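Using the UniProt record's numbering, read the sequence shown as starting at 1 and increasing by one per residue.
Beta carbons: idealized from backbone N, C-alpha and C, even for Gly.
Since we're looking at a predicted model, the values are computed, not measured.
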Amino acid sequence: MSQLDANEIAEYLALHPDFLVQFPELLDALNLYHNQPGAISLQSHQQKRLQQQLQQQQQQLNTLLAHARKSEQIYQVFSSCHRHLMLHDNFADLASNLVSLISANLDICECKLLKYEPYLASIVTHRLANQPRYLGRINQQEQALLFNNECQSVALYLIGDAQTPLAILAFASKDPIHFEPSQDSFFINEFVKALHTKLSGWV
């Protein structure tokens with residue numbers, strides 16, 4: 001049988017899924033052979049395929065639920081951060097309380113709110129000049145400027161702009177894929193805007 005004939009048969013069976021039901025003796029005679037020893041019936045193969053599809057769907061659902069729970073957690077944390085903006089009138093107290101709140105509730109190894117100083121200029125130039133946030137990996141020299149411990153991935157948010165920076169909000173994780181460029185940062189971006197407004201009033 002040529003490959004073309006086989007394709008035609010496959011197409012016909014796809015268009016007539018009840019064909020084998022009409023010819024049960026043919027269904028009984030069919031076997032699908034795999035690489036492993038032995039054979040399984042068409043019905044068994046279909047059942048296995050269905051189980052695999054159900055497992056994939058369950059995994060996708062679990063992933064969606066996990067993302068939803070994570071998004072809800074992030075929303076709650078940064079809603080609390082918004083409220084904390086109203087409670088402090090100096091940078092040191094605000095930074096200390098925000099860092100404690102975020103570190104205690106998000107799955108990260110370190111969080112810093114750093115008032116801009118000249119030693120941070122290289123971070124702004126190399127990581128935050130084109131856009132006010134950076135998610136991904138940084139080198140050890142940059143890590144030493146921002147954090148107390150080594151990390152595998154970071155999220156950096158510039159408060160202000162590259163010409164007149166006010167501060168950097170920095171998160172670190174030991175997971176190399178915890179922070180990635182494609183991640184949604186909506187809640188954090190909204191908080192950064194509010195933080196910018198707050199800090200601008202202290203300049």
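Counting C-beta neighbours from all protein chains within 10 Å, is the total for Arg127 16 or more, i.e. buried, or is it exposed? For the purposes of this step, residue 127 is identified with residue 127 of the sequence shown, where counting begins at 1. Counting Cβ neighbours within 10 Å, Arg127 comes out buried, since at least 16 surround it.
Indicate the three-state DSSP secondary structure (helix, strand or coil) for Phe191 in the structure shown. Taking the first residue of the sequence shown as position 1, residue 191 is located at position 191. Here Phe191 sits in helix by DSSP.
So the beta strand (DSSP E) Arg137 belongs to, where does it begin and stop? For this step, residue 137 is matched to residue 137 along the sequence shown. Boundaries for Arg137: no beta strand (DSSP E) harbours it, and the DSSP string shows neither H nor E there.
For my contact list, Ala167 and Val154 are in at a C-beta cut-off of 8 Å; report their separation, rounded to the angstrom. Residue 167 sits at position 167 when you count from the first residue of the sequence shown. Residue 154 sits at position 154 when you count from the first residue of the sequence shown. Going by Cβ atoms, the distance from Ala167 to Val154 rounds to 16 Å, so no, they are not a contact pair.
Simplified DSSP assignment, three categories, for Glu110: On the sequence shown, position 110 is the one that residue 110 refers to. DSSP places Glu110 in strand when its eight states are reduced to three.
Please report the distance separating the alpha-carbon of Gly201 from that of Leu120. Numbered from its first residue, the sequence shown carries residue 201 at position 201. Numbered from its first residue, the sequence shown carries residue 120 at position 120. If you take the alpha carbons of Gly201 and Leu120, they lie about 21 Å apart.
Simplified DSSP assignment, three categories, for Phe179: Residue numbering aside, residue 179 sits at position 179 when the sequence shown is read from its first letter. Correct three-state label for Phe179: coil.
The alpha helix (DSSP H) enclosing Ser122, as first and last residue numbers: The residue given as residue 122 occupies position 122 in the sequence shown. Bounds of the alpha helix (DSSP H) holding Ser122 are 121-127.
What do you get for Glu150, buried or exposed, if any count of 16 or more other CB atoms within 10 angstroms of its CB means buried? As a working mapping, residue 150 is identified with position 150 in the sequence shown. Result: exposed.
Taking the alpha carbon of Ser96 as the reference point, which residue from Ala68, Leu145, Leu169 has its own alpha carbon closest? Walking along the sequence shown from the start, residue 96 turns up at place 96. Minimum Cα distance to Ser96 is reached at Leu169.
Please confirm if the stretch 125-145 is in contact with the stretch 181-193, defined as three or more CB-CB distances below 8 Å between the two stretches. yes
Rounded straight-line distance, which links the Cα of His82 to that of Ala194: Residue numbering aside, residue 194 sits at position 194 when the sequence shown is read from its first letter. Residue numbering aside, residue 82 sits at position 82 when the sequence shown is read from its first letter. Each residue's alpha carbon lies about 7 Å from the other.
I'd like to check one pair, Leu101 with His84: are the Cβ atoms closer than 9 Å? The residue given as residue 84 occupies position 84 in the sequence shown. The residue given as residue 101 occupies position 101 in the sequence shown. Yes. Within cutoff.
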